[in-house]
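Residue numbers (the working numbering): 5 to 155.
Next comes the structure, spelled out in structure tokens:
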């Protein structure tokens, strides 16, 4: 026989809220992990991108010298990489290599485009955004690198 469990919050035994459920059934996590990185200037960049603007860094760390985001917990992360460039390919690196082997997004046009990829990461993995162009680079102020922990 199935039963109903009625509650509004799930906590860790130390009292930290893990999830809440409101009166309309919407669930929210107590702690989220995500980042939004970009550039302050409109400059051309290429290779492993080192962002100079940390719009949001929630429960993860960013190394402003290397462009590396370190995640605190294992799980699936949805990552995006938006840029405005011509004749370029881009991908994500995890711990220094592309987790999808030879996969890269190729773009041939001067309009903005976005790569969206789920990454299965372990705690303390390092993620970077990588771009190679035919000499044009990407225009910084139109470039974003984001990630969010899905679970």
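We treat Cβ as the ideally placed atom computed from N, Cα and C, and that holds for glycine. If you're wondering where the values come from, they're calculated on a predicted model, not measured in any experiment.
Query, Result
"Strand pairing of residue 122, partner residues [DSSP]", "82"
"Residue 128 - DSSP class collapsed to helix/strand/coil", "coil"
"Short Cβ contact (8 angstroms threshold) for residue 41 with residue 153", "no"
"Cβ shell of residue 70 (< 8 angstroms), same chain only, five flanking positions each side left out", "52, 54 and 132"
"Cα-Cα separation between residue 62 and residue 73, rounded to whole angstroms", "11 angstroms"
"Distance CB(residue 87)-CB(residue 117) smaller than 8 angstroms", "yes"
"Residue 135 burial status per 10 Å Cβ neighbour count (16 or more: buried)", "buried"
"When 129, 9, 147 and 138 are compared against residue 67, the one with the closest alpha-carbon", "129"
"Alpha-carbon spacing of residue 64 relative to residue 57, whole angstroms", "15 angstroms"
"Collapsed DSSP secondary structure at residue 57 in the structure displayed", "strand"
"Unbroken beta strand (DSSP E) run spanning residue 151, endpoints", "148-153"
"heavy atom of the ligand MG below 7 angstroms from residue 54 C-beta", "Although the ligand MG was asked about, the structure shown includes no ligands whatsoever."
"Inter-residue Cα distance where the pair is residue 137 and residue 90", "7 angstroms"
"Residue 7 to residue 85 span [Cα, whole Å]", "44 angstroms"
"Neighbourhood of residue 105 by C-beta, 6 angstroms cutoff - its chain only, sequence neighbours within 5 removed", "none"
"Cβ neighbours of residue 32 in the same chain (closer than 6 angstroms, five flanking residues each side left out)", "24"
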